[in-house]
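Here the structure is laid out as C-alpha cells; the discussion comes afterwards.
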Amino acid sequence: MSTLATAGRVRVQEGRAIDAIVVYPGVGERERVEAGIALAQCTYTGMLYLAGINAAERARGDLPAHGELVARLAHLPRPPSVEIDENGENALVQSQNTQALCSRLYAAAPARQRITLYLVVTDWHLPRAYLTLARLLLDWREAGPVPRVYPWSAPRRLAGTLSGTNANHYAGATLSDATATEYQRILAYQQKGDVATYEELLAYLQRAGLFASDAE
C-alpha cells in the first residue's frame, strides 16, 4: 500500500473494506482510471468515483464512459457502484466534489463509522491533489469522524511524456517539467489557502487517525 511521506509514520490498514476509490482524471490521463479499476478489482470497495471531468476531456472522449466502467467491474462478487461527476475543471473542484461525496457516504453509514477513501492520481499530481483534499477535510464539521484518505499512485511509464492532448495543461511535458510546475503551484495555492501547508497536513493526518501512534 502506498502512503504520503510525512515526518511521522503513517498507518495503512490492510484488508479493510474501502468506502470509495476516488479518481482525479487529470488532463484525460486514462492510466489514472485504469489504476482505479485495478484497485477495485483486487479489493472490496463500495464505489468507484471519478471526481470530475472537464469540458475538453469530455469532448475528446479520452476517458471510459460509465457503461464501460460498470461492465469491467461486473464480474466481481460484489461489484461497486460507479459514479462519474461531469463537473470538475481542476483539483480544487474535484476535491470539493469528493468532500460532498463523503457527506453522502456518512448519511448512509452506521453512526460514528469512519469513511475510508483511496485517492488515485498519477505520481506527478498526487501531492497537490492530496494536499488540496486534506485542506478541505481538515475543516470537517459534519456528522461522523474526519474521513480517512489514503493516497494511491497510478503506475505510469518512467520515461516519455504525459498523456492527454490539452495544451493548456501538461500534455507533452516531461515528468520533471510537470513536477517542477506542480511544486510552484503548491506554493502558490498554499498562499491562497486552497492547499494544505505542512502543518495543516500533519493536523489532518492526526484528526483522521492516520498516524501509527493514534488509537481508534
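The opening residue of the sequence shown carries number 933 in the working numbering; numbering runs sequentially from there.
Quick reminder that beta carbons are idealized off the backbone N, C-alpha and C, glycines included.
Computed from a predicted model, the values in this text were never measured in an experiment.
Using a Cβ-Cβ cutoff of less than 7 Å, which residues in the same chain neighbour Ala972 once the five nearest sequence positions on both sides are dropped? Ile953, Leu980, Leu1005 and Pro1012
Could you tell me whether the stretch 1049-1062 touches the stretch 955-964, where touching means 3 or more Cβ pairs closer than 8 Å? yes
Where Glu961 falls, given that 16 or more other Cβ within 10 Å makes a residue buried: buried
Can you look up Ala952 in the DSSP assignment and give me helix, strand or coil? strand
Between the stretch 1063-1083 and the stretch 1136-1145, do at least 3 Cβ pairs fall closer than 8 Å? yes
Buried versus exposed call for Leu1119 [16 or more other C-beta atoms within 10 Å across all chains shown]: exposed
When you compare the stretch 1038-1050 with the stretch 1110-1117, are there three or more beta-carbon pairs, one atom per stretch, that lie closer than 8 Å? no
Could you name the residues of the same chain whose beta carbon sits closer than 6 Å to that of Ala1086, not counting the 5 residues immediately before and after it, in chain order? Glu963, Arg964, Ala967, Val1052 and Thr1054
DSSP has Ser1013 in a bridge; who is on the other side? Met979
According to the Cβ coordinates, are Tyr976 and Ala1003 closer than 7 Å? no
Applying the criterion that 16 or more other CB atoms from any shown protein chain within 10 Å of the CB defines a buried residue, is His998 buried or exposed? exposed
Assumed close pair Ala1128, Ala1066 - CB separation to whole angstroms, cut-off 8 Å: 4 Å
Length of the line joining the Cα atoms of Gly984 and Thr1111: 22 Å
Bridge partner(s) assigned by DSSP for Leu1150: The displayed coordinates of the chain run from 933 to 1148. Any statement about residue 1150 would go beyond what the structure contains.
Residue from Trp1084, Ala1041, Ser1035 and Tyr1050 with nearest C-alpha to Arg1073: Ser1035
Where Val1025 and Leu1033 are concerned, what is the direct C-alpha to C-alpha distance, given to the nearest angstrom? 12 Å
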